[in-house]
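To start, the structure itself, in structure tokens.
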Amino acid sequence: MVKYVYLKNVLNPQNMTKYKLEKNMEVYSKCSDYASDACPCELAENGCCIVCSMCRGEDYCSCTDTVSFCVYQDLISNGGKARPRRRSVSCQVTFVKQYGDDFRFIRLNIPDGDTTEFKKLGAYVFVRTNENPHFDTPISVLYDEQKNNSIGLLIQMQGIKTNCFRNLQKGDSVYLRGPYFNGIQGRKMIAGLRGGSAAVFCRGIGFLPSLGVILTLKANGNKVDVYLDRGNFNTHLLNLLSRVFEVHLSEVDMCDETGKITDEMRSVIDKHLQNETGLLHFGMSDYLIKNIAEILDTYSQIPSVSFINNVQMCCGEGICGACTRNIDSPGVVHLCKEQLDMEELKKIMKVKI
Amino acid sequence: MSKIVIAGGGWAGVSAAVSAKKAGAQAVLIEKTDMLLGAGNAGGIFRNNGRFTAAEEMKALGAGELFDIMDQCALHKGISFPGHVHASLYDVGAIEPVVRRFAEDIGIELMMESHIMDVRFSNGKIHALLLDDGTGIEGDAFVDATGSSGPMGNCLRYGHGCSMCIQRCPTFGPRVSLTAKCGIRDLVGKRADGTPGVFSGACKIDKESLSPELRKQLDTEGVAVVKVPDEDIDYGKLGRKACKQYALKEYSENIILLDTGAAKLMTSYYPLGKLRKLPGLENARYIDPYSAGKGNSIRYLSVAPCLDTMQAEGVDNLFCGGEKGAPLIGHTEAVLTGALAGHNAVRCTENKEQVVLPDSLAVGLMISHSHQNFIQKRKYDERYTFSGGSFFELMKELGLYTTDIGEIASRVELAGLTNMFGSTLP
Numbered sequence: 003m004v005k006y007v008y009l010k011n012v013l014n015p016q017n018m019t020k021y022k023l024e025k026n027m028e029v030y031s032k033c034s035d036y037a038s039d040a041c042p043c044e045l046a047e048n049g050c051c052i053v054c055s056m057c058r059g060e061d062y063c064s065c066t067d068t069v070s071f072c073v074y075q076d077l078i079s080n081g082g083k084a085r086p087r088r089r090s091v092s093c094q095v096t097f098v099k100q101y102g103d104d105f106r107f108i109r110l111n112i113p114d115g116d117t118t119e120f121k122k123l124g125a126y127v128f129v130r131t132n133e134n135p136h137f138d139t140p141i142s143v144l145y146d147e148q149k150n151n152s153i154g155l156l157i158q159m160q161g162i163k164t165n166c167f168r169n170l171q172k173g174d175s176v177y178l179r180g181p182y183f184n185g186i187q188g189r190k191m192i193a194g195l196r197g198g199s200a201a202v203f204c205r206g207i208g209f210l211p212s213l214g215v216i217l218t219l220k221a222n223g224n225k226v227d228v229y230l231d232r233g234n235f236n237t238h239l240l241n242l243l244s245r246v247f248e249v250h251l252s253e254v255d256m257c258d259e260t261g262k263i264t265d266e267m268r269s270v271i272d273k274h275l276q277n278e279t280g281l282l283h284f285g286m287s288d289y290l291i292k293n294i295a296e297i298l299d300t301y302s303q304i305p306s307v308s309f310i311n312n313v314q315m316c317c318g319e320g321i322c323g324a325c326t327r328n329i330d331s332p333g334v335v336h337l338c339k340e341q342l343d344m345e346e347l348k349k350i351m352k353v354k355i
Numbered sequence: 120m121s122k123i124v125i126a127g128g129g130w131a132g133v134s135a136a137v138s139a140k141k142a143g144a145q146a147v148l149i150e151k152t153d154m155l156l157g158a159g160n161a162g163g164i165f166r167n168n169g170r171f172t173a174a175e176e177m178k179a180l181g182a183g184e185l186f187d188i189m190d191q192c193a194l195h196k197g198i199s200f201p202g203h204v205h206a207s208l209y210d211v212g213a214i215e216p217v218v219r220r221f222a223e224d225i226g227i228e229l230m231m232e233s234h235i236m237d238v239r240f241s242n243g244k245i246h247a248l249l250l251d252d253g254t255g256i257e258g259d260a261f262v263d264a265t266g267s268s269g270p271m272g273n274c275l276r277y278g279h280g281c282s283m284c285i286q287r288c289p290t291f292g293p294r295v296s297l298t299a300k301c302g303i304r305d306l307v308g309k310r311a312d313g314t315p316g317v318f319s320g321a322c323k324i325d326k327e328s329l330s331p332e333l334r335k336q337l338d339t340e341g342v343a344v345v346k347v348p349d350e351d352i353d354y355g356k357l358g359r360k361a362c363k364q365y366a367l368k369e370y371s372e373n374i375i376l377l378d379t380g381a382a383k384l385m386t387s388y389y390p391l392g393k394l395r396k397l398p399g400l401e402n403a404r405y406i407d408p409y410s411a412g413k414g415n416s417i418r419y420l421s422v423a424p425c426l427d428t429m430q431a432e433g434v435d436n437l438f439c440g441g442e443k444g445a446p447l448i449g450h451t452e453a454v455l456t457g458a459l460a461g462h463n464a465v466r467c468t469e470n471k472e473q474v475v476l477p478d479s480l481a482v483g484l485m486i487s488h489s490h491q492n493f494i495q496k497r498k499y500d501e502r503y504t505f506s507g508g509s510f511f512e513l514m515k516e517l518g519l520y521t522t523d524i525g526e527i528a529s530r531v532e533l534a535g536l537t538n539m540f541g542s543t544l545p
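Residue numbers (the numbering used here), protein chains in the order written: chain R, 3 to 355; chain L, 120 to 545.
Structure (structure tokens):
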């Protein structure tokens with residue numbers, strides 16, 4: 003209980019302006035950067051815009067976006083040049099706390115003080131501790147704290163890129179680039195569900211990026227059932243997070259040792275499909291998502307689906323190609339930037355891994 | 120009862136919904152903005168030249184309700200201005216609510232502020248229209264009356280940028296071509312010099328911003344002609360204009376204002392600085408489009424290849440009305456194609472033979488003549504209207520132009536089509 007209070011001081015919901023999504027003019031489009039400060043980006047400048055047919059060099063406008071920010075118009079009025087790409091900025095670490103062997107919570111001070119963008123659905127940032135710009139680590143934003151100009155990140159240290167956070171102390175600096183917004187696939191479906199019901203399935207660390215989804219769904223007046231398989235994840239941390247963010251968890255064993263989906267999980271999914279739940283969200287590994295996609299395929303009709311974006315991200319700008327997947331549409335999709343519609347989501351779930 | 124879903128609530132869409140409803144179907148009209156009539160909120164001219172004949176033919180055919188509303192809302196009747204006689208002007212500020220109430224009264228289901236994004240299409244048939252929130256609107260047959268103006272990208276590349284016209288794409292979203300979503304390649308109208316798309320032909324000035332004398336002249340006579348200084352005359356503009364009937368040299372040498380509630384300026388756009396040099400217009404300001412000093416909306420970039428029944432080629436249950444169905448200019452023309460599209464949509468769902476209007480009627484000739492030239496002969500630089508240009512000449516040549524209502528009624532009677540649109544399908 004003492005630890006709970008301590009963590010609550012760190013992650014104090016009273017201080018947070020997290021996910022207060024009103025019916026604002028947030029635009030959810032095929033491109034997660036559409037109409038943001040970074041739009042038009044270098045893709046538009048170089049004839050590869052995800053949204054705009056005119057920027058891609060086609061003869062006629064075939065835009066379908068509901069609230070029209072005209073990428074082409076902005077590109078022309080900007081002299082045919084992209085808006086500046088997001089740059090790494092040095093941020094001071096104002097708080098560090100270790101959880102178990104592998105988890106570190108860090109709080110970063112945002113230099114210009116504006117943390118509003120960081121609370122958007124699916125927001126993630128690239129962070130690193132050293133000068134080398136080639137090894138950025140993509141981390142989802144746990145919360146933003148407008149009062150203190152800060153954001154919180156919870157980092158699992160498990161490889162060469164994340165181990166550098168192990169010795170990070172209060173007062174140190176890290177380089178931060180972002181935010182980017184494609185941490186969740188299906189943002190439009192999540193934001194569009196109002197006054198309905200949703201089921202969120204998370205396994206292990208998949209719970210962290212799914213927190214934003216849960217809170218957004220709740221803020222929009224939806225009934226949200228959250229199912230959790232702890233896996234090998236730090237149980238203590240999961241308990242704390244669920245209490246701080248006031249998320250009621252139902253424990254479900256989602257898979258056996260071989261990765262096969264359990265009957266228990268099947269029956270939970272089946273129950274929600276029978277009850278016409280409006281949205282199913284999956285916060286788990288691509289392997290499990292693929293297995294669940296196969297189960298969903300056996301149903302004639304399924305609701306909207308969203309899931310966390312597990313893809314290997316590198317530049318975040320849709321340029322480098324680390325995150326590309328090939329589905330049977332013309333060209334490849336850049337999953338660090340591109341939102342997929344339901345059909346594409348289903349296809350991509352199957353081709354992953 | 121069959122269900123007809125109409126995309127687009129301009130004159131053509133409303134007309135299609137009315138004729139579908141009268142033929143005995145359930146009519147659902149989807150409009151992206153908060154107002155019906157689309158560009159009809161910026162128009163106002165009817166019954167000028169051959170449009171009189173066409174309007175009376177439509178009334179004899181049983182599709183007279185919308186013309187009755189226009190007559191009822193007319194501010195001026197029987198006025199003349201360069202190249203045009205016996206024109207009527209309806210009050211653009213008053214007509215939309217009247218049309219909306221009429222549509223609601225006869226039982227058309229209006230879905231306002233609903234933006235269509237896509238179609239559910241397979242095996243040559245549309246099954247549903249998909250809205251931006253993912254809702255599917257299912258139907259037995261569909262009418263594409265989405266028009267051909269915008270979206271912003273087109274107005275920027277082929278015009279002078281979004282001029283903030285009545286379509287209000289930035290607010291309500293861009294026009295989405297249903298035919299293109301079904302894989303039909305849109306045909307593109309061209310200017311005299313071959314550039315795709317043409318500017319809308321008129322803009323509106325706030326009448327309150329005109330001098331009292333000019334305002335009084337508009338109020339009493341309905342028309343005012345102001346001479347343009349020689350150094351400002353631009354004949355080149357005529358080729359870029361949608362409305363062939365106003366592409367006359369008088370319209371370059373003069374400023375022609377018509378009273379449609381606002382002062383309708385019969386030119387696509389006119390720099391405000393130059394406009395304010397003219398007597399009586401020293402304080403003029405534009406109200407539609409707001410940027411008419413710089414540009415206007417771009418149209419005719421999305422005309423679908425259609426049969427004379429208005430059925431889109433390649434889709435069994437999709438019919439086209441208005442500018443989508445043929446390169447026609449004006450409300451009269453939109454009401455005509457819309458009514459036929461709506462009527463044939465119902466016939467299609469009930470497996471009845473579809474109607475082609477005969478060439479012995481001006482309205483039938485308009486559809487076949489425009490389709491023949493635009494689709495078959497690929498004359499993309501021509502637009503058609505009853506009120507001027509080559510088609511009005513053709514009407515006169517064939518003796519179809521008349522203002523004798525009795526003759527028009529007997530002409531429709533002879534074709535065996537009296538009250539065709541007015542009665543429920545047997």
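Just so it is clear, CB atoms sit at the ideal spot from N, CA and C, and this is done for glycine as well.
Query, Result
"Helix, strand or coil: which one does DSSP assign to M177 (chain L)?", "helix"
"Would you kindly check if the distance between the Cβ of I125 (chain L) and the Cβ of V262 (chain L) is under 7 Å?", "yes"
"Would you mind telling me which residues of chain R sit closer than 7 Å to D252 (chain L), beta carbon to beta carbon, in chain order?", "G194"
"Report the three-state DSSP secondary structure of Q75 (chain R) (helix, strand or coil).", "helix"
"Quick check: the stretch 302-321 of chain R against the stretch 223-242 of chain R, are there 3 or more CB pairs under 8 Å?", "no"
"Output yes if chain L places a C-beta closer than 7 Å to the C-beta of C63 (chain R); else output no.", "yes"
"Helix, strand or coil: how does DSSP classify E44 (chain R) here?", "helix"
"When DSSP labels each residue in this structure, what does Y365 (chain L) get in the three-state scheme?", "helix"
"For L219 (chain R) and F247 (chain R), which I take to be in contact (beta-carbon distance under 8 Å), what is that distance rounded to the nearest angstrom?", "Their Cβ separation, rounded to whole angstroms, is 12 Å, which puts L219 (chain R) and F247 (chain R) out of contact at 8 Å."
"Per DSSP, what are the beta-bridge partners of K413 (chain L) in this structure?", "K413 (chain L) pairs with nothing; no bridge assigned."
"In angstroms with no decimal places, state the Cα-to-Cα distance between V95 (chain R) and D39 (chain R).", "25 Å"
"Within the 7 Å Cβ cut-off, does M283 (chain L) reach chain R?", "no"
"Mapping DSSP to helix, strand and coil, what is V313 (chain R)?", "coil"
"Which residues does DSSP list as the beta-bridge partners of N373 (chain L)?", "L:K346"
"Look up C204 (chain R) in the DSSP assignment and give the residues it is bridged to.", "R:L230, R:G285"
"Give me, in chain order, the residues of the same chain whose beta-carbon lies closer than 7 Å to that of A528 (chain L); leave out the 5 immediate sequence neighbours on both sides.", "A179"
"Which first and last residues belong to the alpha helix (DSSP H) in which A464 (chain L) is found?", "450-468"
"With distances taken from CA atoms, which of R:G173, R:K273, R:Y301 is nearest C93 (chain R)?", "R:G173"
"Run the CB neighbour count on M514 (chain L), radius 10 Å, all protein chains shown included, and call it buried at 16 or more, exposed below.", "buried"
"So, is the C-beta of G341 (chain L) closer than 7 Å to a C-beta in chain R?", "no"
"Can you find at least 3 beta carbon pairs, one from the stretch 144-157 of chain R and one from the stretch 96-116 of chain R, that sit closer than 8 Å?", "yes"
"If we count the other Cβ atoms within 10 Å of its Cβ and call it buried at 16 or more, is F137 (chain R) buried or exposed?", "exposed"
"Can you give the Cα-Cα distance for L476 (chain L) and I310 (chain R), rounded to whole angstroms?", "57 Å"
"Between F97 (chain R) and Q171 (chain R), what straight-line distance do the alpha-carbon atoms span, to the nearest angstrom?", "8 Å"
"DSSP puts Y503 (chain L) in a beta bridge; with which residues?", "L:L447"
"Return the chain-ordered list of same chain residues with a C-beta closer than 6 Å to the C-beta of A260 (chain L), the five sequence neighbours on each side being excluded.", "I123, N436, A464, C467, T468"
"With a threshold of 6 Å on Cβ separation, who are the neighbours of S207 (chain L) within its own chain once the five nearest residues in sequence on each side are excluded?", "F165, R166, A193, K196"
"Show which residues of chain R have a CB atom less than 7 Å away from the CB atom of L420 (chain L).", "Y62"
"Out of R:S199, R:K273, R:G102, R:C204, point me to the one whose CA is closest to I157 (chain R)'s CA.", "R:G102"
"Give the DSSP-derived three-state secondary structure of R87 (chain R) in the structure shown.", "coil"
"V147 (chain L) touches chain R at which residues, Cβ-Cβ below 7 Å?", "Within 7 Å Cβ-Cβ: nothing; V147 (chain L) doesn't reach chain R, min ~20 Å."
"Note the first and the last residue of the continuous alpha helix (DSSP H) segment covering Q336 (chain L).", "331-340"
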